[in-house]
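Remarks on the structure that follows.
In my numbering, the protein residues as written are 4 to 672.
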């Protein structure tokens, strides 16, 4: 292969992985593998400078603007990258180069936090804008999301006419584990690591979600400010921390090359014990004025470099493979190997993900595997040392029965996951109950996750029908305080009783049938009218329902053919739950094929759910964000400059008021 072809292919490959990392928050390769590709490209460009193009990944900043969290905004100060180095010799070379020109130079050595970069602008002491890095010149306005991050200061104690700081938004291991537990609980996709989770969260449209996930932030630089902030970097951080109350990145001021190396080593030894991920150490010139003497090009900011720690890897022997079942029924294989120490902590377990991963690496009991820590914290298996393979060793196979209940497991379509098919599997019970009482299903307020756990642990709930017998244990519940004191317990019991009158599509939504959500449940119940008719429907009858395909039809058919489910439905009927659709509320299909997005304050409806129900009763759909598939955006402030209004105008989608929607609906009916 000639150098030109190799160069173009390498650029294309790096651009693809740039997009996966910066834009999709879903990288397919490790940071180290990405760094190695960049090093290959830099070496090729150094050897053949005639190949270098303006769009080379070595010349541009990774990332683009996505218009999800807000509108695009041009940075007042460009948000550039830091040049990475991978050996201490390179660090020494850079320090000596600086010292030759400025013998009195001091250096600030900081932890390189693994998260998402964000700048915050203040005018007269008040936060006026927060923005993501984007492509370095244009980012996204995420002000509303920034305001709910606990470490972000919205009002400066000591007002400045103008101050702009830059920091790293990240997620602690504790917040990450809680978020992923919630994702699994609600049957949503898990995040790969804290960095991806933080990046995806900051771009959310709903700041309530941002707040619930507990993002954190370290400020690591002053982008623009008065002279008191733009002289000494360490002095600026100290003032931000001491006077303005900002949380600044852990750092140490060093004078000599030896001190710098000692601090790099110190950070390296503690990285496995930190409550958050770091991916290196940043060495910065403390004297801000000196930085312009060391320009680093259009991509990198001047006056600092980032030392990337080499990944630590060790070998160990797999002694057993344990199987567990998640709340969605997913079978989770975990390798248990001889304990080893990585990044300062003992490691003896690592997930094997799924059967495809096991087959690809050839993993089996007795095999010697190579283990590393992803993001310096999560143990992962990189590969198998085939030279040390045991005689007669076999690749592990996940059994075709559930390790908890013994029912068959089935591989999901377009997925590598194996799931237990038993809807009554005890491992799924927690998730099923959370879904059942949720807002889109039976909407039983007061029965949260912690209360459900307590009721399960104490044996008060063994399936969802037991919720409707809790009133019989009222005095015991009050005495034990499982759902609160007397007042809260009575409120909960009242909510449970009231839920019996919910329309039957809410009950269908709450049954956790695979592929049946709130919208499809309404369509199904509108078609059949009662649970009796639905439970007796054939596969052919189910597939004749609008928007119900073969997979969904099979899920419904199999679900109601289970004897335990039949008994459950009988109990729910005996407890007085509504099992039949009110004929007067069945509606029509005049809005079929139309998807509406609702935003802003309403004046004709007490709750947004009421307008959503009206749309759905006429065959339409309601979505949370504007896209090409949106039929119209309903907003009483149609002339506003909100993010959704702007997106609708860009896509040529009508923005209508509530009254216009109701008039159009009235004309159609």
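Even glycine gets a Cβ: it sits at the ideal position worked out from N, Cα and C. Predicted model only: the values in this text are computed from it and were never measured.
Going by the DSSP bridge assignment, what does residue i pair with across the sheet?
i, result
"residue 170", "121, 222"
"residue 635", "599"
"residue 142", "76"
"residue 307", "287"
"residue 257", "110"
"residue 15", "Looking at the DSSP assignment, residue 15 forms no beta bridge with any residue, so it has no partner."
"residue 335", "327"
"residue 317", "374"
"residue 440", "Answer is none; residue 440 lacks a bridge partner."
"residue 411", "404"
"residue 165", "126"
"residue 464", "In the DSSP output, where bridge partners are listed per residue, residue 464 has none listed."
"residue 281", "116"
With 16 as the cutoff for other CB atoms within 10 Å, does residue i come out buried or exposed?
i, result
"residue 127", "exposed"
"residue 21", "buried"
"residue 219", "buried"
"residue 327", "exposed"
"residue 165", "exposed"
"residue 51", "exposed"
"residue 509", "buried"
"residue 555", "buried"
"residue 602", "buried"
"residue 74", "exposed"
"residue 261", "exposed"
"residue 593", "exposed"
"residue 246", "exposed"
"residue 123", "buried"
"residue 416", "exposed"
Using three-state DSSP, classify residue i as helix, strand or coil.
i, result
"residue 136", "coil"
"residue 561", "helix"
"residue 114", "strand"
"residue 66", "With a pLDDT of only 49 at residue 66, under 50, the local geometry of the prediction cannot be trusted, and the value read off the model is given with reservation. In this structure, residue 66 counts as coil in the three-state DSSP scheme."
"residue 451", "coil"
"residue 478", "helix"
"residue 154", "coil"
"residue 670", "helix"
"residue 295", "helix"
"residue 726", "Within the shown structure, residues of the chain are numbered from 4 to 672, placing residue 726 beyond reach of any answer."
"residue 88", "strand"
"residue 302", "In this predicted model, residue 302 has a pLDDT of only 49, less than 50, meaning its place in the structure is not dependable; the value taken from the coordinates is given anyway. Residue 302: coil per DSSP, three-state reduction."
"residue 52", "helix"
"residue 658", "strand"
"residue 71", "Legend: pLDDT at residue 71 = 43, less than 50; position of this residue unreliable, no value from coordinates given."
"residue 613", "helix"
"residue 485", "coil"
"residue 546", "helix"
"residue 351", "strand"
"residue 342", "strand"
"residue 322", "strand"
Along the chain, where does the beta strand (DSSP E) containing residue i start, and where does it finish?
i, result
"residue 423", "421-423"
"residue 245", "Note, residue 245: premise wrong, no beta strand (DSSP E); alpha helix (DSSP H) at 236-245."
"residue 386", "381-387"
"residue 583", "Neither: residue 583 is in no beta strand (DSSP E) and is coded neither H nor E."
"residue 625", "624-626"
The alpha helix (DSSP H) that contains residue i, what's its start and end?
i, result
"residue 527", "521-531"
"residue 398", "That residue, residue 398, is in no alpha helix (DSSP H); it is neither H nor E in DSSP."
"residue 181", "176-188"
"residue 202", "197-205"
"residue 503", "It is not in any alpha helix (DSSP H) - residue 503 carries neither H nor E in the DSSP assignment."
> Should the stretch 403-418 be regarded as contacting the stretch 426-439, the criterion being three or more beta carbon pairs within less than 8 Å?
Replying inline: yes
> Does the stretch 311-325 come within contact of the stretch 333-340, defined as at least 3 CB pairs closer than 8 Å?
Replying inline: Yes: at least three Cβ pairs fall under 8 Å.
> Is there contact here, the stretch 303-314 with the stretch 129-141, by at least three beta-carbon pairs under 8 Å?
Replying inline: no
>> For the pair the stretch 642-649 and the stretch 606-620, tell me if three or more CB-CB distances fall below 8 Å.
In response: no
> Between the stretch 558-570 and the stretch 534-544, do at least 3 Cβ pairs fall closer than 8 Å?
Replying inline: The stretch 558-570 makes contact with the stretch 534-544, as at least three CB pairs between them are under 8 Å.
> Quick check: the stretch 248-268 against the stretch 183-195, are there 3 or more CB pairs under 8 Å?
Replying inline: Under the Cβ criterion (8 Å, minimum of three pairs), the stretch 248-268 does not count as touching the stretch 183-195.
> Using 8 Å as the Cβ pair cut-off and three pairs as the minimum, do the stretch 109-127 and the stretch 159-179 touch?
Replying inline: yes
> Is there contact here, the stretch 361-375 with the stretch 385-397, by at least three beta-carbon pairs under 8 Å?
Replying inline: Touching, yes.
> Are three or more beta carbon pairs between the stretch 210-224 and the stretch 103-110 nearer than 8 Å?
Replying inline: no
> Three or more C-beta pairs closer than 8 Å, one from the stretch 490-500 and one from the stretch 511-529: is that the case here?
Replying inline: Taking one beta carbon from each stretch, the stretch 490-500 and the stretch 511-529 have fewer than 3 pairs nearer than 8 Å; the two do not touch.
>> Under 8 Å: do the stretch 87-106 and the stretch 148-156 share three or more Cβ pairs, one atom per stretch?
In response: The stretch 87-106 vs the stretch 148-156: no contact.
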